[in-house]
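Residue numbers (our numbering): 4 to 361. We put the beta carbon where it would ideally sit given N, CA and C, even for glycine.
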Amino acid sequence: MANQELAQSVKAALKSVEIPGGGNLADYPGLSEVIVTPSALAFAISVEPGMEGAFGPARVAATEAAQRVAEGRKVLVSITADRAPGGGQQQAVPQTRQAPPAKQAVKTVRNIIAVASGKGGVGKSTCSVNLALALAKRGLKTGVLDADIYGPSVPRLLGIEGRPAIREDEMFEPYEAFGIRAMSIGTMVQGDQSVAWRGPMASSALRQLLLETNWGGLDVLVVDMPPGTGDIQITLGQQIDLAGAVIVSTPQDLSLIDARKAIDMFKRMNIPILGMIENMSYFIAPDTGNRYDIFGHGGARDDAARGGIPFLGEVPIHGSIREQSDRGEPVVASMPGSPEAQAFMEIADRLLAKTRFS
Ligand code: ADP
4 MANQELAQSV KAALKSVEIP GGGNLADYPG LSEVIVTPSA LAFAISVEPG MEGAFGPARV
64 AATEAAQRVA EGRKVLVSIT ADRAPGGGQQ QAVPQTRQAP PAKQAVKTVR NIIAVASGKG
124 GVGKSTCSVN LALALAKRGL KTGVLDADIY GPSVPRLLGI EGRPAIREDE MFEPYEAFGI
184 RAMSIGTMVQ GDQSVAWRGP MASSALRQLL LETNWGGLDV LVVDMPPGTG DIQITLGQQI
244 DLAGAVIVST PQDLSLIDAR KAIDMFKRMN IPILGMIENM SYFIAPDTGN RYDIFGHGGA
304 RDDAARGGIP FLGEVPIHGS IREQSDRGEP VVASMPGSPE AQAFMEIADR LLAKTRFS
């Protein structure tokens, strides 16, 4: 069935779902558009603050009704009591809301680390994937979850294609690549749909992706977070039990200013900062092997020292990091003896020296 038709059938199915106060969900003005992707069906029910609990049964009924017409897709239904998302990036952890719900652990995952950055394009995803591979090389059962709704790149980095399998118990089956397990919001978001996914719906879909994947027993799950300090980061940080955060920055001042905001956000949520990685730290000319500190190398190290944050290491700018990534063969897996891959191994070792993740 075409996506549009499927969305219509879902709406029709939601006519059977009663909502508090009378009426049916299909006619309820707080129902979002129904998003259809190859692996998922998603919609949000926006309710008045305080009404989340009352809408619980409607959510369950809506999930069941949608599941019947979903043609094997996973159904993600979120209830949001937030005001309209507004689209802007939130800069601070909200202080005035009621106490956040208790943080949830993810079944069969011992430790979750969030890899974050103040802004996009600093190599956060590249670092997440190579760090996950490096931890796996050190004998840990490792997974990576791509939570970067704005630019999901883990499928490309790991050469993953197709939609994830959904098991009979409705859990996602993660992909396997280079000995690690992987899931990506990118297998659900398609092109221009990312706009519709923003805000509370994206946070809720991500939470489900995290909680409803059959991770199968991991020592560490590396979460490639969206850049910045928006709603998604805050919701995940408040709702999921994270072992800590790793911050990726380039040495430039501007990137560092943003990195500090990200660090501040995690600190306010009482999430330990496990350390900082300086990516694109220096350039090694492929022909001569000469080193050039084009961005003023060392900025992140100095900044980490000033903020009392562990410094995990430097990753050089190297054509092979980009080229191998584009080919779906990250350097730690494909060129393990190279200095680039060694940089990631050292970062993993520094992390493991502090936290055993077992
Ligand atoms: P982010 O997740 O922060 O947006 P990415 O990991 O997607 O950043 O990296 C952005 C671009 O920079 C990609 O094309 C990637 O291949 C490239 N890149 C990242 N780190 C390096 C590096 N150390 N050397 C060369 N290219 C890099």
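Could you check how far apart the C-beta atoms of residue i and residue j are, in whole angstroms? I think they sit under 8 Å.
i    : j    : result
A68  : L17  : 6 Å
D151 : M228 : 7 Å
L160 : T190 : That pair is no contact at about 13 Å.
P23  : A57  : 4 Å
L209 : A351 : Not a contact, Cβ separation roughly 25 Å.
V249 : L315 : 7 Å
S131 : V225 : 5 Å
V112 : L221 : 5 Å
V335 : T253 : Between T253 and V335 the Cβ distance is about 20 Å, and since that is not below 8 Å, they are no contact.
R71  : L44  : That belief does not hold up - the Cβ atoms of R71 and L44 are roughly 11 Å apart, past 8 Å.
P333 : L277 : Their Cβ separation, rounded to whole angstroms, is 21 Å, which puts P333 and L277 out of contact at 8 Å.
How should residue i be labelled, buried or exposed, when 16 other C-beta atoms within 10 angstroms of its C-beta is the threshold for buried?
i    : result
G117 : Residue 117 is actually Ala in this sequence, not Gly. Burial call: buried.
A344 : buried
F347 : buried
T216 : buried
G231 : buried
N293 : exposed
Q107 : exposed
T291 : exposed
N133 : buried
Q7   : exposed
Y295 : exposed
D244 : exposed
I297 : exposed
I169 : buried
G340 : exposed
L257 : exposed
N114 : buried
Just reading off the beta strand (DSSP E) that residue i is part of, what are its end residues?
i    : result
E171 : It is not in any beta strand (DSSP E) - E171 carries neither H nor E in the DSSP assignment.
V109 : Run containing V109: none; DSSP gives neither H nor E here.
T190 : From DSSP, T190 is part of no beta strand (DSSP E); its letter is neither H nor E.
A180 : Y178 to A180
L148 : T145 to D149
Mind checking which residues open and close the alpha helix (DSSP H) that includes residue i?
i    : result
S131 : K127 to K140
L161 : V157 to L161
Completely contained alpha helix (DSSP H) runs for the segment 197 to 260, where each covers 4 or more residues: 203 to 214 and 234 to 242
To test your reading of the DSSP string, which unbroken beta strand (DSSP E) runs of 3 or more residues are found completely within the segment 9 to 81? 43 to 49
Those runs of the alpha helix (DSSP H) which lie wholly inside the segment 328 to 360 and span at least 4 residues: 334 to 337 and 342 to 357
Report the start-end ranges of each alpha helix (DSSP H) in the segment 271 to 339 that is 4 residues or longer and not cut off at the edges. Counting whole runs of 4 or more residues, the segment 271 to 339 contains the alpha helix (DSSP H) stretches 302 to 309, 322 to 329 and 334 to 337.
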